[in-house]
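The structure appears right after this line, and notes come after that.
What follows is the structure, encoded as C-alpha cells:
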C-alpha cells in the first residue's frame, strides 16, 4: 500500500508521501510516488500516487508525453492548461483511460482490476492554490477550509492527529510536523507503508516547489521527532486520569 | 460499522465496544455489541460482535438456545465447554453456520454476503484467561504476550495508541484508559462508530465479570478525558520540534 497526504493551508501546500510498493508480501520495493511539474514563476504542480504501480507509472508517463507533444495545448498538457481545475481534469481523464486499457488487457482475469488514486496540488499564475483527490474513475474532490487535508492509501492510522491539529491557519512549519507525525503513526502500525519519505512545500504565490526533500530511513531529525512524539504521548497518557 | 477492542493483560481482560449500527447512512441505531455469559466462580465469558446485525444477533441467540437446551453438553453449550478453546470453537462454528444459512437465503443476490466477526474473552475455573478473534469463516486467532490486544470493525484509527502503550504488564487502570482513548480517536474520525460505549473487565482468576458499565453520550468523565487528551496531544504537538 501507500500513504500520501496533502494539506492546503493559507500559507501554502504541504505534501508528504512514502515510497513503499509491494506485489504480495515478499516483493517489496521502493518507488517514488511524488512527481513535480514545474515552470518556476508560472506554475508548480505536485502529483502523489497510490495504487497499482502499472497504472500510476503509465499515467505519469502519459502526462509527460502529452507535455512533450509538439501539438500540446491547454486541453492535453498540464503545463499549458489554463487552471488547476483543468489540470485535475486532464490527470483524471488520463488515469481513467490508463485504467480502462489495463483492465481490458486483463479482462479474462476476473476480479483483477488494477486501480489507483492521486492527489494533485498546485498553483498557476493568477490562480489560487488548489488541492484535489482524484478517484480511480477520474472524478475528483477538492480540499476546502472545512477539510484542509486529503489522504490516499492507508489513511486511517494517521487521520486522528490531522483531525486534531490541522486548520487552514496552521503554519507551514506546524503543517510539516503534522504530516510527519501522521506518517509516523502509519509507519508504526502498517508494514505496507515504508521509508524513505518525500516531503514538499509550495508556498502560496511562490509558483515553484518551494522546498522538497527526501527523508531517508534512519534520518536523525525524523527519528528524534518520532521518539520525542512517542515519549510525549506516553507522558500525556500517564497524566490523563479516568 | 463498529469498533470493539479486547486486551489480555497479566492482571485481567479489558473489553470495550461501541453500539452504533447502520444500514446505509440514514438508518442508524443503537445496539449492544457486548454479551456476557457468566457463572460466577466457575466461568466468565464476554463476546463482542462486528458485522451484519442479522448474523450477530442470530449467532448470539443460538448460543443462548444451545445453553438452555436440556441436552446441552460440553460440545454444544459454551457454559459447559471444558476450555476457552472449546468455547471459541463452538462460537466459531455457530457463526459460520449462521452465515452460511443467511447466505443461502440470499443466493440470488450476488455480492450480498452478510458477514461478521467476534472477539471472545474469558476464563474458566482451572483454566487460563484467553482472548480470541473469530473470523467470519469460524476460524480464530488468539492474543499473546507479543500482541496483547485484538480489534474488530474500524480498527485502524485507534491502533496507534494501543501499539504505543499496551504491554502485558499494563495495569487494568491504564488499560481502560488506553481502550477509551483508542475509542475516542475512532469516534472522532469515523461517523460509523458511536456512543454509548460498553466497558467490561474480567480480573485474572476472578471468574466473573469483575466490572462492567455503560458510558453514555455526554458522560462527564469520558468527556473530560477526551478533552484532556486532545489538549495533551496539542501541547505535545506544540513542543515537538522538527
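Residue numbers (our numbering), protein chains in the order written: chain A, 1 to 242; chain B, 1001 to 1242.
Glycine included, C-beta positions come from ideal geometry on N, C-alpha and C.
Predicted model only: the values in this text are computed from it and were never measured.
When the options are compared against residue i, the one with the closest alpha-carbon
i                       : options                  : result
residue 219 of chain A  : A/32, A/141, A/195, A/56 : A/195
residue 1040 of chain B : B/1004, B/1071, B/1079   : B/1079
residue 1005 of chain B : B/1115, B/1238, B/1154   : B/1154
residue 1125 of chain B : B/1225, B/1042, B/1163   : B/1042
residue 1052 of chain B : B/1183, B/1023, B/1092   : B/1023
residue 54 of chain A   : A/25, A/68, A/26, A/101  : A/101
residue 143 of chain A  : A/136, A/137, A/168      : A/168
residue 1127 of chain B : B/1030, B/1205, B/1162   : B/1205
residue 1113 of chain B : B/1132, B/1136, B/1092   : B/1136
residue 1217 of chain B : B/1030, B/1025, B/1026   : B/1030
residue 132 of chain A  : A/146, A/26, A/150       : A/150
residue 56 of chain A   : A/68, A/92, A/105        : A/92
Cβ neighbours of residue i in the same chain (closer than 6 Å, five flanking residues each side left out)
i                       : result
residue 1222 of chain B : 1215
residue 1035 of chain B : 1047, 1060
residue 1170 of chain B : 1009
residue 1213 of chain B : 1199
residue 289 of chain A  : Residue 289 of chain A lies beyond the residue range present for chain A, which begins at 1 and ends at 242; the question has no answer from this structure.
Listed by chain order, chain B residues near residue i by CB distance under 9 Å
i                      : result
residue 239 of chain A : 1228, 1232
residue 169 of chain A : The contacting residues do not exist; residue 169 of chain A stays about 14 Å from chain B at best.
residue 201 of chain A : None at all; the shortest Cβ gap to chain B is about 12 Å.
Cβ shell of residue i (< 8 Å), same chain only, five flanking positions each side left out
i                       : result
residue 1090 of chain B : 1063, 1066, 1075, 1076, 1077, 1078, 1081
residue 1085 of chain B : 1130
residue 38 of chain A   : 44, 45, 208, 209
residue 1172 of chain B : 1009, 1011, 1012, 1014, 1201, 1203
residue 1096 of chain B : 1136, 1137, 1138
residue 1069 of chain B : 1076, 1077
residue 1174 of chain B : 1165
Distance CB(residue i)-CB(residue j) smaller than 8 Å
i                       : j                       : result
residue 48 of chain A   : residue 7 of chain A    : no
residue 186 of chain A  : residue 201 of chain A  : no
residue 1123 of chain B : residue 1207 of chain B : yes
residue 1099 of chain B : residue 1083 of chain B : no
residue 1237 of chain B : residue 193 of chain A  : no
residue 1121 of chain B : residue 240 of chain A  : no
residue 1018 of chain B : residue 1181 of chain B : no
residue 1119 of chain B : residue 1141 of chain B : no
residue 1134 of chain B : residue 1088 of chain B : yes
residue 148 of chain A  : residue 1157 of chain B : no
residue 1001 of chain B : residue 1190 of chain B : yes
residue 1188 of chain B : residue 108 of chain A  : no
8 Å contact criterion, which residue i and residue j should meet: CB distance rounded
i                       : j                      : result
residue 117 of chain A  : residue 50 of chain A  : 5 Å
residue 245 of chain A  : residue 3 of chain A   : What is shown of chain A runs 1 to 242, which leaves residue 245 of chain A out entirely.
residue 1242 of chain B : residue 176 of chain A : 6 Å
Where residue i meets chain A, residues with beta-carbon distance less than 7 Å
i                       : result
residue 1242 of chain B : 176, 177, 180, 221, 225
residue 1125 of chain B : Within chain A, no residue comes near residue 1125 of chain B; the closest Cβ sits about 31 Å away, beyond 7 Å.
residue 1020 of chain B : Those do not exist, as residue 1020 of chain B stays about 17 Å from chain A at its closest Cβ, beyond 7 Å.
Amino acids of chain A, ordered along the chain, whose beta-carbon sits closer than 9 Å to that of residue i
i                       : result
residue 1055 of chain B : None at all; the shortest Cβ gap to chain A is about 24 Å.
Own chain residues within Cβ distance below 7 Å of residue i, not counting five before or after
i                       : result
residue 1032 of chain B : 1019, 1198
residue 1094 of chain B : 1059, 1062, 1063
residue 229 of chain A  : 181, 184
residue 1025 of chain B : none
residue 1072 of chain B : 1066, 1080
residue 145 of chain A  : 168
residue 227 of chain A  : none
Under 7 Å by beta carbon: chain B residues contacting residue i
i                      : result
residue 160 of chain A : 1157, 1185, 1188, 1189
Partners in chain A for residue i, counting only beta-carbon separations shorter than 8 Å
i                       : result
residue 1165 of chain B : 233, 234, 237
Residue i Cβ short of 7 Å to the ligand HEM heavy atom set
i                      : result
residue 198 of chain A : Ligands are entirely absent from the displayed structure, and the ligand HEM is therefore not among its contents.
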